[in-house]
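Asker:
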Amino acid sequence: MAIHNPPIIRPADDRDALAEAVAALAAGELVGMPTETVYGLAADATNGEAVARIYAAKGRPSFNPLIAHVADLAAAERLVSFDPVSRRLAEAFWPGPLTLVLPKRADAGVSDLATAGLDTLAVRMPSHPAAHALLLAFGRPVAAPSANRSGHVSATTAAHVAADLGSSVSIVLDAGPSHVGVESTIVAMTDSGLVLLRAGGLPREEIEAVAGVRLQVIDLADPEAPTAPGQLASHYAPGAMVRLDVEDVRPGEALLAFGPGLPRGASDAAVTINLSPRGDLIEAAARLFSALRELDGKAATIAVAPIPATGLGEAIVDRLRRAAAPRP
Ligand code: TXA
Ligand code: MG
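The sequence shown: position 30 = 30 (UniProt numbering), numbered continuously.
(1) Would DSSP call R140 helix, strand or coil?
(2) Excluding the 5 residues preceding and the 5 following residue 330 in the sequence, name in chain order all residues of the same chain whose CB lies nearer than 6 angstroms to its CB.
(3) Can you give me the C-alpha to C-alpha distance between R140 and E20, rounded to a whole angstrom?
(4) Would you kindly work out how many angstroms separate the C-alpha atoms of residue 348 and A211, rounded to a whole number?
(5) Suppose contacts are defined by Cβ-Cβ distances below 7 angstroms. Is A162 in contact with A143 by that definition?
(6) Count the other CB atoms within 10 Å of the CB of P65; is the residue buried (16 or more) or exposed (fewer)?
(7) Taking the straight line between their C-alpha atoms, what separation do you get for A12 and A131?
(8) Whole angstroms are fine: how far does the CA of L25 sit from the CA of A269?
(9) Relative to the ligand TXA, is the shortest distance from any of its heavy atoms to the C-beta of A122 smaller than 6 angstroms?
(10) According to DSSP, what are the bridge partners of M189?
(11) Given the structure, does E183 come close to the ligand TXA, in the sense that its CB is under 6 angstroms from one of the ligand's heavy atoms?
(12) Within 10 angstroms of the Cβ of D245, are there 16 or more other Cβ atoms? Answer buried if so, exposed if not.
(13) Heavy atom of the ligand MG less than 6 angstroms from the Cβ of S146, yes or no?
(14) Please return the same chain residues whose Cβ sits closer than 8 angstroms to the Cβ of E283, not counting the five positions on each side in sequence.
(15) Have a look at the DSSP bridge pairing and note the partners of R319.
(16) Can you give the Cα-Cα distance for S192 and A305, rounded to whole angstroms?
(17) Assuming G252 and T37 are in contact, meaning their beta carbons sit under 8 angstroms apart, how far apart are those beta carbons, in whole angstroms?
(18) Tell me whether L113, by its Cβ, gets closer than 6 angstroms to a heavy atom of the ligand TXA.
(19) Name, in chain order, the residues that DSSP records as bridge partners for M125.
(20) Return the CA-CA distance between residue 333 and D280, expressed in angstroms with no decimal places.
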């Protein structure tokens, strides 16, 4: 008798499907999660390899920071520090289509890959009952970008998710079409006040009424302004110089290695971290930002061994190239 795999699209209100989705998240797998805005491609935000699988599935050649989804305000408080204004916004609009970018707590436990190494974290509490049930049952923050492949439109039905990402997700919880249909509004609390990073499901006027201030908007015509939401907090950049595609390590350099073979002179390195001795790009992506932070400050220069620019390697190399670029 042929063995039939269960269909990956399952009703979100089916208890067994919910339990399977929780088990998939716990195992580091990806789940299609309905939310009121759009469907999310969900993974355990505390598990770097699970987060790496999100980027691999989306086929995006760079690491964009992700939103951590939580079931309640208490869970958000464990991840970020609220100031009085952002707390007022959370109390007024959560659960709902508002994402807040706030200082990440040192003990947040969220993978560095999920924030692309930034010290801030985007958090959101979805109002969709299926998302709430999943987040509550899982009990950990869930990283979830919109569930579409890079360059495709955001998915607003389970069928869209399965068509775009079916081979990468273990299960898609089907709760019908997302009723908001556009992504959440993203607001960041910065040193210079509240900034609107992305217009979305919650109108800015409503946010301004509660905050009691106007939202600053990034002027895309301003060459000094950040050009994409993820760039606002500026990318994490190590203080050390970064040298790429190194085949000969110079004495005293910090070595960022990859794969079973080491470059010549590796034994003269001040310190070595291998992103993945077995040459696994998922594992390497999961370790990238914490490795950069650890090597930074241990030597004036970080020497990076060659990393294949295929699959997730493309995003890893993109990130390292930015780290190696001359500083202003
Ligand atoms: O409605 C939504 O927000 C959906 C559902 C699934 O929740 N999610 C979503 O995620 O749209 P995504 O990854 O497609 O968009 C998140 C945006 C990105 O543009 C990213 O750059 C920005 O949030 N972002 C995340 N963390 C950030 C941070 N720490 N600082 C600045 N921008 C950040
Ligand atoms: Mg998106």
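Idealized CB from N, CA, C, for every residue including glycine.
Answerer: Reading off the structure:
(1) Here R140 sits in coil by DSSP.
(2) Only positions 1 to 328 of the chain appear in the structure, and residue 330 is not among them; the question remains open.
(3) 16 angstroms
(4) Past the boundaries of the shown model lies residue 348; the chain is included only from 1 to 328, so the question cannot be answered.
(5) Contact flag unset, no.
(6) Looking at its Cβ environment, which holds 16 or more other Cβ atoms inside 10 Å, P65 is buried.
(7) Rounded to the nearest angstrom, the two C-alpha atoms are 9 angstroms apart.
(8) 38 angstroms
(9) yes
(10) L194
(11) Here the distance from the Cβ of E183 to the nearest heavy atom of the ligand TXA is below 6 angstroms.
(12) Burial call: exposed.
(13) yes
(14) E49, A52, L275, S276
(15) None, per the DSSP bridge assignment.
(16) 39 angstroms
(17) The pair is not a contact, with the Cβ atoms about 50 angstroms apart (cut-off 8 angstroms).
(18) no
(19) Listed as beta-bridge partners of M125 by DSSP are no residues whatsoever.
(20) Nothing can be reported for residue 333, as the shown portion of the chain is limited to 1 through 328.
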